[in-house]
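To start, the structure under review is shown below, and the notes come after it.
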Amino acid sequence: ETGVTQSPTHLIKTRGQQVTLRCSSQSGHNTVSWYQQALGQGPQFIFQYYREEENGRGNFPPRFSGLQFPNYSSELNVNALELDDSALYLCASSLRTEAFFGQGTRLTVV
Amino acid sequence: RKEVEQDPGPFNVPEGATVAFNCTYSNSASQSFFWYRQDCRKEPKLLMSVYSSGNEDGRFTAQLNRASQYISLLIRDSKLSDSATYLCVVPRGDSSYKLIFGSGTRLLVRP
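Note that the protein sequences, when read in sequence, are chains A and B. Mapping of the first sequence onto the numbering used here: residues 1251 to 1360, in sequence order. Mapping of the second sequence onto the numbering used here: residues 97 to 207, in sequence order.
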C-alpha cells in the first residue's frame, strides 16, 4: 500500500451541489496533487499543493478549489457540480517526482 | 499534438508472449519518465521510473530515446496478471512536478 488514503471512496451528488474530497498523504511527503480521471482517459492534473500553498494548476475552472493543512493532508472542493464532473478523483503525494496515489474517490453527479 | 501520446490498444496477447508499448512526448526538457500500471477501477501504481537511457526490472524493460522523444515499455513472458492499462507519464518539467498522463494502453493477456 502507498500510505495515501482518500475519503470517501464513493459519492453520489446532485447537479448544482458542492462536494469536499479528502486525502491524507504518505508520511513525510509535503506535496499533494489532485487528478481527475474520466472513464477511458488518463488522469488529468487539477492542481498541486506544496507546504500549504497552491503550486501549479491545470486547466480546471475556479469552482475547483483546494486546501492543504499543516500535516500535509488536503481537500478538494468542487462547487456547482456538473454532470461532466463525474469521474474518479485521485490524490497523489510525492517528495520528489515519483507520485504515489490513493485509491481514489469515485464521484457520480446525477 | 498531445503532450503525451500512447496507442490505446487493446493489445491481446497469449501468455508467454513479449509485448511492447510506445509512448511519445512533446516536452523536450523533460528529464524523468514513468510507467504506471492501472487495474480496472483502481488507482495507478508506479511500475518503473526512467531517468537515463533505460531501466530493467525483471520481465519489464523501459527504454528512452531522447532524440526521438519516445519511451517504450517491453514486457517479456507475459502473465495473465499483467492484464491492465499501462500509463506513460511525463512531468511537465517545471517546478510544479505536474504529471502529464497518456490515455493509457490496455493489455489483455489470454491463457
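Don't be surprised by glycine CBs; every beta carbon is placed ideally from N, CA and C.
Using 9 Å as the threshold, is the C-beta distance between B:S199 and A:Q1291 below it? yes
Run down chain A in chain order and give the residues with a C-beta less than 9 Å from the C-beta of B:G200. Taking a Cβ-Cβ threshold of 9 Å, the residues of chain A close to B:G200 are G1290, Q1291 and G1292, in chain order.
For a contact defined as C-beta to C-beta under 8 Å, what are the partners of B:P140 on chain A? P1293, L1340 and F1351
At the 9 Å Cβ level, is A:G1308 part of the contact set with chain B, yes or no? yes
Should B:I171 and B:V186 be called a contact, given that it needs their Cβ atoms to be closer than 9 Å? No, Cβ-Cβ distance for B:I171 and B:V186 is not below 9 Å.
If I follow the unbroken beta strand (DSSP E) through A:F1295, where does it start and stop? Q1294 to Y1300
Does any residue of chain A bring its CB to less than 9 Å from the CB of B:K194? yes
Would A:I1262 be called buried (16 or more neighbouring beta carbons within 10 Å of its own) or exposed? exposed
Considering only residues of the same chain and omitting the five flanking positions on each side of B:A180, which have a CB-CB separation below 7 Å? Cβ within range, chain order: R133, Q134, D135 and L203.
Please classify B:D153 as buried or exposed, where buried requires at least 16 other C-beta atoms within 10 Å of its C-beta. When all chains shown are included, B:D153 counts as exposed.
How is B:D153 classed by DSSP in three states: helix, strand or coil? strand
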